[in-house]
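85 is the number of the first residue of the sequence shown in the numbering used here; add one for each residue after it.
Heads up, the beta-carbon is just placed ideally off N, CA and C, and yes, glycines get one too.
Let me begin by presenting the structure, written as structure tokens, before commenting on it.
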Amino acid sequence: MKKIGMILIMMSTLFLFMAVAVWAQPGMGPGGGGPRVHYGTMWDAKTVATMKGEVVSVDKYIPGKGGTAYGLRLTLKTDKETLPVILGPAWYIEQQHFIIAPKDHVEIKVSQLSIEGQPTFIAQEVKKGDVLLRLRNDQGAPLWR
């Protein structure tokens, strides 16, 4: 009887460790479904460019899948096309007292990348009039970390 009790305890402990290990995998757990995307690690210095245009919209989004904090992205209309631009965490942008809204004319320094096959741009800095919002350093590392 002692042997059966020890086996049950060991199996229960093993099951608990396995359940925790599976739950801790990226994208698992509530709201999961895939690995989280960390845009700061996707910076490509070879694609850095400066774009000018008019802000069409500013939207909240949750980076990756299963996140809770939201970021801001905007849609920028240039002379040639309309493009999505990821800015960064809303809380960081709010702390900088930088307000951006549709119809604003901006100049944005970006790195281009592809997310799920779609061209996407990550902002390094946004200039609106004489005000400059810095989001990332020259290596693309986020300034909010």
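Taking the straight line between their C-alpha atoms, what separation do you get for V190 and P147? 23 Å
I'd like the span of the alpha helix (DSSP H) that includes E178, first residue to last. 174 to 179
Simplified DSSP state of K130, which is helix, strand or coil: helix
Thinking C-beta only, is T159 closer than 8 Å to P173? no
When A153, K161, A129 are compared against K136, the one with the closest alpha-carbon: K161
So, using beta-carbon positions, are K193 and Q180 closer together than 8 Å? no
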